[in-house]
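Residue numbers (the UniProt record's numbering): 1 to 401. Quick reminder that beta carbons are idealized off the backbone N, C-alpha and C, glycines included. These notes are about the structure you will find just below.
Here's what the structure looks like:
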């Protein structure tokens with residue numbers, strides 16, 4: 001029987017352990033982080049991080065975005081992080097040996113390199129020939145005249161020039177600092193950082209042959225625990241250590257595991273009516289995102305906090321077109337952005353008037369609001385079940401009394 005309220009003693013609400021693997025110190029400035037996924041294995045990458053003295057640390061609220069070591073481990077990579085390398089070539093040798101000796105590394109003949117410190121990029125690029133297993137190079141921050149023997153991805157800041165080298169793929173971002181992807185610095189740019197990360201992920205997978213996950217199945221597992229099993233613990237078990245959800249029209253959700261758990265427990269999973277269903281209309285699957293068009297069907301027999309907060313139950317049937325953009329990191333969800341037209345939800349619930357008072361040129365009048373009801377959901381599902389451009393007619397807009 002599907003749960004109708006949260007019960008901490010229910011078998012469905014027992015805590016789900018997060019992936020855990022201890023950080024290993026290789027040298028004074030080198031650490032190794034095994035993959036932080038449910039799968040537990042993956043290819044290896046080596047990242048060069050800048051000396052903290054080069055960075056201006058933010059004193060504001062810490063972003064949810066984790067620092068590179070954890071983030072790439074959550075994507076399914078074994079990560080060797082080298083900070084302030086004194087000898088790049090020696091550090092690379094130590095890093096490769098560490099990856100070769102790690103049981104969780106499932107691809108031993110290909111490793112990728114990411115450079116977060118643009119001041120050493122040329123030195124790193126010139127050191128690749130020492131080991132044929134170093135098969136890709138990514139650089140954040142500045143352009144280079146180096147010629148590399150491996151596929152190279154450059155994430156450059158405003159004012160940079162693109163390289164003409166055939167091995168280079170270049171993207172330019174509206175950022176002013178080469179450290180724009182590091183969440184702990186004042187110059188952190190979350191939008192550009194997210195886009196650059198997705199591009200690097202796709203690049204690494206192509207060069208290294210993985211890791212690949214069925215992110216569509218991961219998303220469906222998540223919604224299964226939300227809407228069918230109705231388990232807070234199992235829903236949160238499908239998400240990374242610090243996830244977030246944002247329902248854009250009502251700004252409902254939770255930022256971070258503690259807040260999101262409380263949201264699911266108190267305002268979402270058991271707030272959905274018993275007959276709630278998701279009718280998927282289309283799905284687009286990318287390297288790390290699933291985008292769903294769907295219709296959310298319910299009988300409004302209770303206050304649905306996240307959809308119509310504070311609106312008492314009306315007993316009306318609602319069919320609300322929605323859009324979900326779901327970011328999957330490795331084999332778990334990182335975030336969900338959910339959109340819908342709040343006006344049609346309010347109209348279908350019977351709490352938004354079709355007409356409102358409006359001063360007409362010749363006296364008082366009314367304005368018929370350009371809002372559609374259930375017909376907009378019907379037309380999304382089947383384009384033949386509606387008429388385009390009806391709101392352009394004289395029956396809409398300002399009406400004289």
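Please name the residue in 101, 242 and 2 whose C-alpha comes closest to that of residue 79. For the residues 101, 242 and 2, the minimum Cα distance to residue 79 belongs to 101.
Hey, residue 365 and residue 399: beta-carbon distance below 8 Å or not? With respect to the 8 Å criterion, residue 365 and residue 399 are classified as neighbours on the basis of their beta carbons.
Exposed or buried, residue 344, counting other C-beta atoms within 10 Å across all chains shown (16 or more means buried)? Counting other Cβ atoms within 10 Å of its Cβ, residue 344 reaches 16 or more and is therefore classed as buried.
Would you tell me roughly how many angstroms separate the C-alpha atoms of residue 176 and residue 51, rounded to the nearest one? About 19 Å.
Which term fits residue 46, buried or exposed, when burial requires 16 or more other beta carbons within 10 angstroms of its beta carbon? Counting the other CB atoms within 10 Å of its CB gives residue 46 a total of 16 or more, which places it among the buried residues.
Looking at the unbroken beta strand (DSSP E) that takes in residue 293, where does it start and where does it end? Counting along the chain, residue 293 sits inside the beta strand (DSSP E) bounded by residues 289-299.
Examine the ligand SAH and report whether any of its heavy atoms sits within less than 7 Å of the Cβ of residue 158. In terms of ligand content, the structure shown is empty, and the ligand SAH therefore cannot be addressed.
Look at the Cβ atom of residue 234, then the Cβ atom of residue 88, and state whether they are nearer than 8 Å. For the 8 Å CB-CB criterion, residue 234 and residue 88 do not form a contact.
Excluding five sequence neighbours on each side, which residues of the same chain lie with their C-beta closer than 7 Å to the C-beta of residue 98? Closer than 7 Å at Cβ, skipping near neighbours: 26, 32 and 80.
How long is the line joining the alpha carbons of residue 194 and residue 317, rounded to whole angstroms? Computed Cα separation, rounded: 38 Å.
With DSSP as the reference, label residue 213 as helix, strand or coil. Residue 213: coil per DSSP, three-state reduction.
Using the Cα positions of residue 158 and residue 62, report the straight-line distance between them to the nearest angstrom. Inter-residue distance for residue 158 and residue 62 is about 25 Å (C-alpha atoms, whole angstroms).
Hey, which unbroken runs of the alpha helix (DSSP H) at 4 residues or more fall wholly within the segment 192-253? For the segment 192-253, the full-length alpha helix (DSSP H) segments reaching 4 residues or more read 215-223 and 232-236 along the chain.
Helix, strand or coil for residue 401 per DSSP? Here residue 401 carries a coil assignment [DSSP, helix/strand/coil].
Using the DSSP secondary-structure output, state which residues sit across from residue 340 in a beta bridge. Under DSSP, the beta-bridge partners assigned to residue 340 are 322.
I'd like the span of the beta strand (DSSP E) that includes residue 48, first residue to last. 44-49 is the span of the beta strand (DSSP E), which, as asked, contains residue 48.
Measure the CB-CB distance between residue 255 and residue 332 and report whether it falls below 8 Å. Between residue 255 and residue 332, the C-beta spacing is not below 8 Å.
Can you tell me which of 14, 125, 140 and 322 puts its alpha carbon nearest to the alpha carbon of residue 170? Comparing Cα-Cα distances from residue 170 to each of 14, 125, 140 and 322, the minimum goes to 140.
Range of the contiguous alpha helix (DSSP H) that encloses residue 97: It spans 88-101 - the alpha helix (DSSP H) in which residue 97 sits, taken as one unbroken run.
For residue 172, write down the residues that DSSP places opposite it in a beta bridge. Answer by DSSP bridge pairing, in chain order: 156.
Residue 282, enclosing beta strand (DSSP E) - first and last residue: Looking at the DSSP string, the run of the beta strand (DSSP E) that includes residue 282 is 277-285.
Which one of 335, 34, 315 and 243 has the shortest CA to CA distance from residue 454? For the chain, the structure presents residues 1 to 401; residue 454 sits outside this window and is missing.
Straight-line gap, residue 363 to residue 401 (C-alpha atoms, nearest Å): The straight-line gap from Cα to Cα measures roughly 9 Å.
Look at the alpha carbon of residue 305 and the alpha carbon of residue 297, and state the distance between them as a whole number of angstroms. Residue 305 and residue 297 have their alpha carbons spaced roughly 15 Å apart.
Find the nearest neighbour of residue 228 within the set 250, 21, 303 and 275, judged by alpha-carbon distance. Checked all of 250, 21, 303 and 275; the closest Cα to residue 228 is 275.
Specify, as a first and last residue, the run of the alpha helix (DSSP H) that residue 260 falls within. Following the DSSP letters along the chain, one finds residue 260 inside the alpha helix (DSSP H) bounded by residues 257-263.
Per DSSP, which one or two residues make a beta bridge with residue 402? Because the chain spans 1 through 401 in this model, residue 402 falls outside it and cannot be assessed.
When burial is assigned at 16 or more other CB atoms within 10 Å of the CB, is residue 23 buried or exposed? By the neighbour-count criterion, in which a residue is buried when 16 or more other Cβ atoms sit within 10 angstroms of its Cβ, residue 23 is exposed.
7 Å CB neighbourhood of residue 241 in its chain, flanking five on each side removed: Around residue 241: 18 and 257.
Sufficient close CB pairs (3 or more, under 8 Å) joining the segment 179-186 to the segment 211-226: No: fewer than three Cβ pairs fall under 8 Å.
Taking the alpha-carbon of residue 432 as reference, which of 320, 260, 84 and 124 has the nearest alpha-carbon? In this structure the chain extends from 1 to 401, so residue 432 is not present and cannot be described.
Rounded to whole angstroms, how far is the Cβ of residue 355 from the Cβ of residue 346, which I believe are closer than 8 Å? No, residue 355 and residue 346 are not in contact; Cβ-Cβ is about 14 Å, not under 8 Å.
When the Cα atoms are used, what is the spatial distance from residue 151 to residue 340? C-alpha of residue 151 to C-alpha of residue 340: approximately 41 Å in a straight line.
Given that a residue counts as buried once 16 or more other Cβ atoms are within 10 Å of its Cβ, and exposed if not, what is residue 130? A residue is called buried when at least 16 other Cβ atoms come within 10 angstroms of its Cβ; residue 130 does not meet this threshold and is exposed.
According to DSSP, is residue 52 helix, strand or coil? In the structure shown, residue 52 sits in a helix (DSSP, three-state: H, G or I).
Taking the alpha-carbon of residue 75 as reference, which of 239, 5, 119 and 59 has the nearest alpha-carbon? Cα-wise, what sits closest to residue 75 is 239.
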